[in-house]
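Contents: one structure, followed by commentary.
In the working numbering, the protein residues as written are 1 to 303.
In structure tokens:
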């Protein structure tokens, strides 16, 4: 007996759509063929998980499945008729018996028209199912766009275009790369959910990007121009004199691609960093700097 899609995704029947999505992402990351090369068992489980999510991840299909209108494969469940109703009803309904010969089967024309109409429906063409996958990419690949080559199960390598400004959780569609249709119907699509890996110092904030940039004590006191990295390359930035740690500079248009066009901004927070090796000259200056000793930057804290 085939397992229900709830059992495959390891969720209860009253799970929310968010629970189902989370369960799918967890299992897909664990079983993805790229992470289990040559493991046929993991590949089969991944296919089963993808098929289960294709059913339960769609609220309309899930409702039909829960009502018994479609089965685990997504195929419509045909209504039982005539003799089958009795034969499959179980012991409580008793065996089918009749003393009326063929009279209780209804009109013969109705029987054959029903048979041929069902046969006609089976011969109709249909679109193949969409297949679901997950993929991890670097932050800069998502920000600037990239070309990736991927391998789908039972298929040749494919080129996937990552559009600039791709967000974590976004789904990319490869049309016609899902399961084949039946009776010459069109193939489904391959849907690839993107997970963006965190970057060592860039942090996304909507369409903007934020990060810290270390500056020397000399640069903080005197100001000047420094080279600062951005998503699309380093740029010159002017540091105002007497800049403290925590001062934030806005780099207009240096953020992420917006869906509506244009870019967000980059916000650079300065961080004053002393030399790792103590400097005797700096130490002597601090010891003789009376104004510095009198300055209390914690006044507002009651310190």
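Virtual Cβ for every residue (Gly too), placed ideally from N, Cα, C.
Once you ignore the five residues that flank residue i on each side, which residues in its own chain have a CB closer than 6 Å to its CB?
i, result
"residue 260", "none"
"residue 264", "207, 208, 255, 256"
"residue 143", "231, 256"
"residue 50", "131, 132"
"residue 146", "162"
Provide the residue span of the alpha helix (DSSP H) that contains residue i, from first to last.
i, result
"residue 252", "Segment: none, residue 252 is in no alpha helix (DSSP H) and carries neither H nor E."
"residue 198", "That residue, residue 198, is in no alpha helix (DSSP H); it is neither H nor E in DSSP."
"residue 292", "290-294"
"residue 5", "5-9"
CB-CB under 8 Å to residue i, same chain, minus the five flanking residues each way: which ones, in chain order?
i, result
"residue 297", "none"
"residue 64", "70"
"residue 13", "6, 66"
"residue 285", "none"
Going by DSSP, what residue range makes up the beta strand (DSSP E) through residue i?
i, result
"residue 147", "146-151"
"residue 212", "208-215"
"residue 270", "266-272"
"residue 160", "157-162"
"residue 136", "131-137"
"residue 224", "224-228"
"residue 189", "Taken as a continuous stretch (DSSP letters only), residue 189 belongs to no beta strand (DSSP E), as it is neither H nor E."
"residue 235", "235-239"
Which same chain residues, not among the five before or five after residue i, have their C-beta less than 7 Å away from its C-beta?
i, result
"residue 304", "Limits of the chain in this structure are 1 at one end and 303 at the other, which puts residue 304 out of reach."
"residue 234", "227, 228"
"residue 180", "128, 187"
Is it right to say residue i is buried, meaning 16 or more other beta carbons lie within 10 angstroms of its own, or is it exposed?
i, result
"residue 156", "exposed"
"residue 188", "buried"
"residue 270", "buried"
"residue 62", "buried"
"residue 66", "exposed"
"residue 177", "buried"
"residue 139", "buried"
"residue 134", "buried"
What does DSSP give as the partner residues of residue i in its beta bridges?
i, result
"residue 218", "Residue 218 pairs with nothing; no bridge assigned."
Tell me the start and end of each unbroken beta strand (DSSP E) in the region 16-71 that is at least 3 residues and wholly inside, in chain order. none
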